[in-house]
Ligand code: DX5
Ligand code: ZN
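In the numbering used here, the protein residues as written are 1046 to 1272.
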């Protein structure tokens, strides 16, 4: 079977109602989301704190599809088994999070999970060729990680193009995270991305009780991304 690179929208619950995560996950999936992006922040690697493995485990029964856990924490390795046990399908670690990203990616695969490699806007991709056989997803940060609702950094489009060409036919998703909106989605897909994380662009205007805007926002994003 060929690897499916059709663009998909991956809602980040960082923009959802923190007091209502289970219902928010169900609502956005009922509106068509197949992945849910979970942003884990530690107040050390990034200047914000969100939630940990216990929250991921609590969310898991509310996620029917892929639970995509983006770890913005350092160190990573001591927490991999906890996030694996919490039910993550994909665990993504930052290349900047420590000196041994190779070991971290090995540990994620050993835990039986798909391994993602995230790259900050200020970081180059020189190390990626050495890691290509160890990863299932590359996450290009198009904002500096830590907060939702930031402005997309157009300087990262060249990086997305270069990574797409490095990936070639390998079964590796190219994810873009940060500032993905109806104004920027077409450019990221044209550059080669296939997984579009979006927080504020999806959750704006709706709620778990009024989820139709989630669906409208996802369809609008996908439509500009693919036309
Ligand atoms: C930022 C997070 C993103 C964030 C994106 O550090 O990694 O996943 O939720 O939010 P928007 O789409 O609002 O830029
Ligand atoms: Zn993220």
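Built from N, CA and C at the ideal position, the CB exists for glycine as well.
The ligand DX5 and residue 1243: does the residue's C-beta get closer than 7 Å to at least one heavy atom of that ligand?
Numbered from its first residue, the chain shown carries residue 1243 at position 198. True, at least one ligand heavy atom lies under 7 Å from that Cβ.
Is it true that the CB of residue 1184 sits closer than 8 Å to the CB of residue 1208?
The residue given as residue 1208 occupies position 163 in the chain shown. The residue given as residue 1184 occupies position 139 in the chain shown. Pairing residue 1208 with residue 1184 gives a Cβ-Cβ distance that is not under 8 Å.
So, for residue 1157: in the same chain, excluding its five sequence neighbours on each side, which residues have a beta-carbon less than 8 Å away from its beta-carbon?
Numbered from its first residue, the chain shown carries residue 1157 at position 112. Closer than 8 Å at Cβ, skipping near neighbours: 1129.
Assuming residue 1243 and residue 1266 are in contact, meaning their beta carbons sit under 8 Å apart, how far apart are those beta carbons, in whole angstroms?
Working through the chain shown from its first residue, we reach residue 1243 at position 198. Working through the chain shown from its first residue, we reach residue 1266 at position 221. Correct: roughly 6 Å between the Cβ atoms.
With respect to 7 Å, is the separation between the Cβ of residue 1139 and the closest non-hydrogen atom of the ligand ZN below this value?
Residue numbering aside, residue 1139 sits at position 94 when the chain shown is read from its first letter. No - the ligand ZN has no heavy atom lying nearer than 7 Å to the Cβ of residue 1139.
Exposed or buried, residue 1167, counting other C-beta atoms within 10 Å across all chains shown (16 or more means buried)?
Walking along the chain shown from the start, residue 1167 turns up at place 122. It is exposed - the Cβ of residue 1167 has fewer than 16 other Cβ atoms within 10 Å.
Measure from the alpha carbon of residue 1221 to the alpha carbon of each residue in 1106, 1261 and 1137, then state which is nearest.
For the purposes of this step, residue 1221 is taken as the residue at position 176 of the chain shown. Of 1106, 1261 and 1137, the residue nearest in Cα terms is 1137.
Using 8 Å as the Cβ pair cut-off and three pairs as the minimum, do the segment 1057-1076 and the segment 1252-1271 touch?
yes
Out of curiosity, what's the CA-to-CA distance linking residue 1085 and residue 1063?
The residue labelled residue 1085 in the question sits at position 40 within the chain shown. The residue labelled residue 1063 in the question sits at position 18 within the chain shown. Looking at the two C-alpha atoms, the distance is approximately 13 Å.
Are there 16 or more other CB atoms within 10 angstroms of the CB of residue 1098, so buried, or fewer, so exposed?
Against the chain shown, residue 1098 aligns to sequence position 53. Residue 1098 should be labelled buried.
Whether residue 1108 touches residue 1247 by CB criterion (8 Å):
As a first step, residue 1108 is located in the chain shown; it is residue number 63 there, counting from the start. As a first step, residue 1247 is located in the chain shown; it is residue number 202 there, counting from the start. In this structure, residue 1247 does not lie closer than 8 Å to residue 1108 by Cβ.
Neighbour-count burial assignment, residue 1217, 16 or more Cβ in a 10 Å radius:
As a position in the chain shown, residue 1217 is number 172, starting the count at 1. Counting Cβ neighbours within 10 Å, residue 1217 comes out buried, since at least 16 surround it.
If residue 1230 and residue 1219 are in contact, beta carbons under 8 Å, what's the gap, nearest whole angstrom?
Position 185 of the chain shown, counted from the start, is the residue given in the question as residue 1230. Position 174 of the chain shown, counted from the start, is the residue given in the question as residue 1219. About 14 Å separates the two Cβ atoms, so there is no contact after all.
Under 8 Å by Cβ, that's how I've got residue 1149 and residue 1122 pegged, so tell me the actual separation to the nearest angstrom.
Taking the first residue of the chain shown as position 1, residue 1149 is located at position 104. Taking the first residue of the chain shown as position 1, residue 1122 is located at position 77. Sure, about 6 Å apart at Cβ, within 8 Å.
Under three-state DSSP, which class holds residue 1271?
In the chain shown, counting from the first residue as 1, residue 1271 sits at position 226. Residue 1271: helix per DSSP, three-state reduction.
Mind pulling the alpha helix (DSSP H) runs of 4 or more residues that sit fully within the segment 1193-1228?
1202-1212
Any heavy atom of the ligand ZN within less than 5 Å of residue CB: hits in chain order
1084, 1115 and 1222
Once DSSP output is grouped into helix, strand and coil, what is the label at residue 1245?
The sequence position of residue 1245 within the chain shown is 200, counting from 1. Helix, per DSSP.
Exposed or buried, which one is residue 1065 when buried takes at least 16 other CB atoms within 10 Å?
Stepping through the chain shown from its first residue, residue 1065 is reached at position 20. Answer is exposed; the Cβ neighbour count stays below 16.
Confirm the yes/no value for this check: CB of residue 1192, any heavy atom of the ligand DX5, distance under 7 Å.
Translated into positions along the chain shown, residue 1192 becomes position 147. Result yes, Cβ under 7 Å from the ligand DX5.
Taking residue 1132 and residue 1102 to be in contact with their CB atoms under 8 Å, please state how far apart those CB atoms are, rounded to whole angstroms.
To locate residue 1132, count along the chain shown from 1; it is residue 87. To locate residue 1102, count along the chain shown from 1; it is residue 57. Between residue 1102 and residue 1132 the Cβ distance is about 6 Å, and since that is below 8 Å, they are a contact.
Of the residues 1047, 1142 and 1125, the one placed nearest residue 1190, counting alpha carbons only:
The count along the chain shown starts at 1 and reaches residue 1190 at position 145. Measuring from the Cα of residue 1190, the nearest candidate turns out to be 1142.
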